[in-house]
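What follows is a single structure, written as structure tokens, with notes after it.
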Amino acid sequence: MTWTEAQSYCRAHHTDLASVRNMTENQKVQAAGGYYNLVWIGLFRDSWKWSDGSTSSFSFWKNGQPDNNGNETCVAADFSQSGAWEDWSCDMERAFICYGPVVPVTKKVLKVKFENKKNLDLNDPAVMEAMLKQLKQKLRAQGLDDNIKLSWRKQADGKVFHKEDKKTNKRRRKREEL
């Protein structure tokens, strides 16, 4: 998207284009940038202010920037250069980074029991990945959103799954009956 389209998208779906007010925020933006080299951030030339109207004394310009080469009034972070900023024409199509309110993360640990009728190696990475995929599909079908992240917790021996012996199983059933 162009810088203006990215700004409109961020304002409609999040809060605004990302503002970078210190090196820590710059590193967060860089971490969020994924595999893109150049991404729009919220800085633009109106005496270089942020999309949300605020100003900041922090800057991280690439050497020789800003150069305003042909009316370049919008800023992209260059992740191939540690997130250093470059001014660009606002009509260029780029990836972009938005910011929004912090969404609280809830972490839940669930203990699951599987009946292994096919005698699969449940600790095989491909099997574990397939099970996670199926679990995620079932949770989505029950209304959970796409932001859910599932993972397996490894035990001290490095395995996720352990075969339950019959004695333990019998004791557990007795406890459940009480």
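According to this note's numbering, the residues represented by the sequence shown are 206 to 383, in order. Beta carbons: idealized from backbone N, C-alpha and C, even for Gly. Nothing here was measured: the structure is a model prediction, and the numbers come from that model.
**Prompt:** In this structure, what does DSSP give as the bridge partners for Glu291?
**Reply:** Note: Glu291 sits in a beta bridge opposite Ala281.
**Item:** Residue(s) in a DSSP beta bridge with Trp357
**Value:** Bridge partners of Trp357: none, in fact.
**Neighbourhood of Ser256 by C-beta, 6 Å cutoff - its chain only, sequence neighbours within 5 removed** = Gln212, Asp221, Leu222, Gly247
**Contact under 8 Å by Cβ, Thr207 with Asp296** = yes
**Assigned secondary structure, Tyr304 (DSSP; H/G/I helix, E/B strand, else coil)** = strand
**Asked** From Gln347, Leu337, Glu369, pick the residue whose C-alpha is nearest to that of Glu358; which is it?
**Response** Rather than Glu, the amino acid found at residue 358 in this sequence is Arg. Looking at the Cα atoms, Leu337 is the closest of the given residues.
**Neighbourhood of Val234 by C-beta, 7 Å cutoff - its chain only, sequence neighbours within 5 removed** = Ala223, Val225, Ile246, Ala282, Gly288, Ile302
**Message:** Out of Trp266, Leu355, Arg216, which one is the CA nearest neighbour of Met228?
**Reply:** Trp266
**Request:** Output the distance between the C-alpha atoms of Lys313 and Asn273, rounded to the nearest integer angstrom.
**Result:** For the pair Lys313 and Asn273, the Cα-to-Cα distance works out to about 50 Å.
**Message:** If you follow the beta strand (DSSP E) that Val332 is in, where does it begin and where does it stop?
**Reply:** Looking at the DSSP string, Val332 is not in any beta strand (DSSP E); the run it does join, the alpha helix (DSSP H), is 330–346.
**Asked** Should Glu385 go down as buried or exposed, given a rule of 16 or more other Cβ atoms within 10 Å for buried?
**Response** Past the boundaries of the shown model lies residue 385; the chain is included only from 206 to 383, so the question cannot be answered.
**Request:** Grab the span of the beta strand (DSSP E) containing Trp245 for me, first residue to last.
**Result:** 243–249
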